[in-house]
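J.: The structure is given below, and queries will be raised subsequently.
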Amino acid sequence: MSEEKIMTEEDLHANPALSMIVGKESDLKNQLVDYVGTKFDKEEVTVEMIVDALAQEFPEFMIAIAEENFMRGYKLGLDDAYGSTDRKDKEPTEQ
0 MSEEKIMTEE DLHANPALSM IVGKESDLKN QLVDYVGTKF DKEEVTVEMI
50 VDALAQEFPE FMIAIAEENF MRGYKLGLDD AYGSTDRKDK EPTEQ
């Protein structure tokens, strides 16, 4: 019998991109990694740590990103919902 891995709700909503370690490929990344590394007293800085630091230090930026993300997702959902009926009307009819 194989053992099943049971996913918790926390596992389901976890974003693996947040645990990625950030490199210093550009000047901006270098500054962010150095700042966040100093703030959290860590050598390896993850995306989640940068998000937390920006949320604390620059909430206006994070709000703008969150609003834009929400609006794009909302529009995509509406397009998907109404697009399915619109496509039937716009398809060329065979003669």
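Just so we're aligned, residue 0 is where the sequence shown starts under numbering that gives the first Met the number 0, counting upward by one.
All residues carry an ideal CB built from backbone N, CA and C; glycine is no exception.
What span of residues does the alpha helix (DSSP H) with residue 47 cover, start to end?
T.: 46 to 56
J.: Using only the alpha-carbon positions, how far apart do residue 43 and residue 81 sit?
T.: So the two alpha carbons sit approximately 45 Å from each other.
J.: Taking the beta carbon of residue 64 as the centre, do at least 16 other beta carbons fall within 10 Å, making it buried, or is it exposed?
T.: exposed
J.: Grab me the residues of residue 35's own chain with a C-beta within less than 7 Å of its C-beta, minus the 5 sequence neighbours each way, in chain order.
T.: 44, 48, 49, 52
J.: Could you give the distance in angstroms between the alpha-carbon of residue 14 and the alpha-carbon of residue 54?
T.: In a straight line, the C-alpha of residue 14 is about 17 Å away from that of residue 54.
J.: Return yes when the Cβ of residue 32 is within less than 7 Å of the Cβ of residue 41, no when it is not.
T.: In this structure, residue 41 sits away from residue 32, with a CB-CB distance that is not shorter than 7 Å.
J.: Residue 46 and residue 75: beta carbons closer than 7 Å?
T.: No, they are not a contact pair.
J.: From residue 79 to residue 39, what distance separates their C-alpha atoms?
T.: 42 Å
J.: Quick check on residue 5: does DSSP put it in helix, strand or coil?
T.: coil
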